[in-house]
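Take a look at the structure set out below.
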Amino acid sequence: MFESQEYQGDLSLFDFSIDGVASGNYPIYQVVTQPGTDPLDFRNWIGGLAGLSVINFSIGLPVEVTKDYNHDGFSDDDFNKDGFH
């Protein structure tokens, strides 16, 4: 049986220089698969095609465009400006 556990806290996903990366909005796509299966086959994705999720972040765009008030790369257009709706 699969037991879900919720992560709370900060997790640094990337640590790289943005030198040479054009300013813009960029997506990161994620799927969770059954252990030991081919992640390129959507039949192995938890949730099937609906299991594909995306996180959008920005690089080098002004706050007036991104609404990223804390400069973490994610829009903070929610009530308490923490990036979570």
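Anchor point for the sequence shown: position 55 equals 54 in numbering that gives the first Met the number 0, and the numbering is continuous, going up by one each time.
All C-beta atoms in this analysis are idealised placements derived from N, C-alpha and C, irrespective of residue type, glycine included.
Short Cβ contact (8 Å threshold) for Ser-88 with Gly-72 = The requested residue 88 is not part of the displayed model; the chain covers only 0 to 84.
Within the same chain, show all residues whose beta-carbon is closer than 8 Å to that of Pro-38, passing over the 5 residues directly before and after it, in chain order.
-> Val-30, Thr-32 and Trp-44
Among Pro-34, Ile-54, Ala-49 and Thr-65, which has the Cα closest to the Cα of Leu-12?
-> Ile-54
Indicate whether at least one CB of chain C lies closer than 8 Å to the CB of Pro-61.
-> Looking at the structure shown, chain C is missing, and only one protein chain is on hand.
Where Thr-36 and Asp-14 are concerned, what is the direct C-alpha to C-alpha distance, given to the nearest angstrom?
-> Spanning the two alpha carbons is a distance of roughly 28 Å.
Best match in Gly-47, Ser-57 and Phe-41 for proximity to Gly-20 [C-alpha to C-alpha] | The amino acid at residue 20 is misidentified as Gly; the sequence shows Val. Closest by alpha carbon: Ser-57.
Extent of the continuous alpha helix (DSSP H) run through Val-64 = 62-65
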